[in-house]
Amino acid sequence: MRWLWVLLAAIAGALAGATLLQDPGYVMVRAGDLVFESSIAAAVLTLLLISTAAFSLSFVVRRALQSLGLLGKWRVARQQSRTIGSWRRAALAVAAGDWRTAAQALDGLSIEPNRQLDRALITARHFVQSDDPQSLTALVDQISAEHPHLLAELQVSIARWQIEAGAVMDAFDRLSNLPPSTQWAGLYAWSCVSLHRWKVLAVHWQQVEKYGVLKSEIFRPQMAMLRAGKAMADSVVGHPSGKANWQDGLKGLPKRWRTDSNTLDLWATFLVQAGGEVQARELVLHVLTTSWQPALIRRLGLLCTTKPLATVIEQVTALLKKHPEDAELLLALARLLRADNQPNEARRHLMAAGNCLQTGPGPSEETEALRQLIAGELGQLALLNAR
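My numbering applies: residue 175 is where the sequence shown begins, and numbers increase by one.
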């Protein structure tokens with residue numbers, strides 16, 4: 175093919191030369207006061223000579239630099255500078271949460287073996303963020319073929335990002351085929367809790383303990399959720415009817431977690447979602463008898479959907495005798511009374527809660543938020559009376 179182009183160029187040159195011989199024409203170049211004038215053939219020949227001289231000179235210079243090793247060093251330095259600049263741009267984009275720009279900065283870049291995982295993680299994070307499962311699958315397949323020793327860590331990271339993004343089922347399926355590790359055990363338990371697969375979690379809990387998930391700093395923010403999930407799993411397992419038994423779950427909780435308001439509040443949420451609002455009320459009331467926690471008191475007032483409410487109202491009233499100035503408890507009782515069609519009693523307790531806030535400590539964000547809740551409940555009662 176190359177010889178064909180040479181032949182065509184020779185033919186074109188011969189035809190052009192014959193034409194110039196018949197009509198040579200002329201070229202005039204003016205640069206300031208200087209004027210250069212010649213025939214077209216002479217101008218073309220001059221350009222060819224200049225180009226040939228420039229090419230020869232550059233060839234000699236390149237050869238000289240190569241013999242001295244300077245050209246290779248320059249190329250290496252240029253490549254290193256480009257690589258460092260690309261990683262710097264990627265790092266800044268990651269810090270700003272712009273994973274697309276970070277992935278684009280590294281696209282097509284020659285990556286050192288020890289940085290392959292970093293680029294794969296940045297690219298995978300971008301695909302998860304942009305909800306591009308096809309590209310994500312292609313990336314996983316590429317890493318599996320070219321760098322199989324990096325696949326497990328990449329898959330675990332993808333699973334975490336998918337859980338955080340709400341694609342829990344995709345993460346659950348991905349984790350099902352991964353080798354065991356601390357991250358795998360914790361993420362699998364996290365996905366079980368998110369999917370409310372309590373029996374699966376109960377079976378998997380041995381792996382959670384085996385790989386030290388509860389001692390790992392990686393899952394410190396999820397510790398309350400995992401503890402609440404384990405309590406819920408213990409409440410469900412062993413009850414064929416499907417009804418949760420909170421007493422069994424409480425026995426399995428370590429003592430320090432039996433009074434943790436975040437854990438117990440999450441557990442109560444799981445019970446409600448499973449249709450066990452009565453069990454959630456019993457759990458919260460049981461804990462309040464030994465540990466007085468405002469977060470659980472507020473939760474108690476929201477557990478008012480399932481009737482009858484006479485028993486729980488009686489129990490909360492007994493608690494109120496021991497804590498008559500607790501505005502949170504007065505609000506909770508008022509909510510229960512409103513749900514039990516006792517608007518006058520509810521209003522009385524709401525007014526008492528408002529008075530407690532006025533005579534209590536100075537204003538703060540918490541007291542202001544509580545005041546807003548009390549005002550909202552009074553508004554609900556006003557709507558009921560207007561009907």
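The C-beta atom is built at its ideal place from N, Cα and C for all residues, glycine as well. These numbers were taken from a predicted model, which means no experiment stands behind them.
A straight-line Cα-Cα distance of about 6 Å links Leu295 and Leu328.
The beta carbon of Phe444 sits closer than 6 Å to those of Met406, all from its chain and outside the five residues before and after it, given in chain order. With a beta-carbon spacing of about 6 Å, Ala469 and Asp439 fall inside the 8 Å limit used to define contacts.
In this structure, the alpha-carbon of Leu544 lies about 57 Å from that of Arg256. Along the region 400-437, the alpha helix (DSSP H) occurs as fully enclosed runs of 4 or more residues at 420-426, listed in sequence order. For a cut-off of 8 Å, the C-beta gap from Trp372 to Ile337 is around 17 Å, too long to register as a contact.
Out of Gly403, Leu462, Asn436, Trp261, the CA that lies nearest to the CA of Gln447 is found in Gly403. Rounded to the nearest angstrom, the gap between the Cα atoms of Leu291 and Arg394 is 25 Å.
Assigned with DSSP and collapsed to three states, Ile296 falls in helix. For Gln308, the uninterrupted alpha helix (DSSP H) segment begins and ends at 307-320. Counting the other Cβ atoms within 10 Å of the Cβ of Ser260 gives 16 or more, which makes it buried. Looking only at Ala279, Leu280, Gly340, the smallest Cα-Cα distance to Leu369 is reached by Gly340. Rounded to the nearest angstrom, the Cβ distance from Ile392 to Gly360 is 7 Å, consistent with a contact under 8 Å. DSSP places Cys366 within a helical segment (H, G or I) once states are collapsed to three. Between Pro353 and Ala319, the CB-CB gap reaches or exceeds 8 Å.
When only Cα atoms are considered, Arg299 and Met397 end up about 24 Å apart. The C-beta distance from Thr275 to Ala265 rounds to 11 Å, too long to meet the 8 Å contact threshold. Rounded to whole angstroms, Thr437 and Ala376 show a C-alpha spacing of 17 Å.
A Cβ-Cβ contact shorter than 8 Å links Leu400 with Val367. Its chain contains Leu295 as the residues whose beta carbon lies nearer than 6 Å to that of Ser331, once the 5 sequence neighbours on both sides are disregarded; these appear in chain order.
According to the DSSP assignment, Cys478 belongs to no alpha helix (DSSP H), since it is labelled neither H nor E. Taking a cut-off of 8 Å on C-beta distances, the region 305-313 does not touch the region 270-288, as fewer than three cross pairs fall below it. Shortest Cα-Cα distance from Gln278 to any of Leu524, Phe301, Glu286, Thr479 involves Phe301.
If only complete runs of 4 or more residues are kept, the region 497-543 shows the alpha helix (DSSP H) at 501-513, 517-533, in order along the chain. Under the three-state reduction of DSSP, Glu286 is assigned to coil, being neither helix nor strand. If you draw a straight line from the Cα of Gln532 to the Cα of Gln303, it comes to about 48 Å.
For Pro353, the three-state secondary structure derived from DSSP is coil. Taking all protein chains in view, the Cβ of Leu493 is crowded by 16 or more other Cβ atoms within 10 Å, so the residue is classified as buried.
For the 8 Å CB-CB criterion, Leu511 and Ile487 form a contact. The Cβ atoms of Thr491 and Leu507 sit closer than 8 Å to each other.
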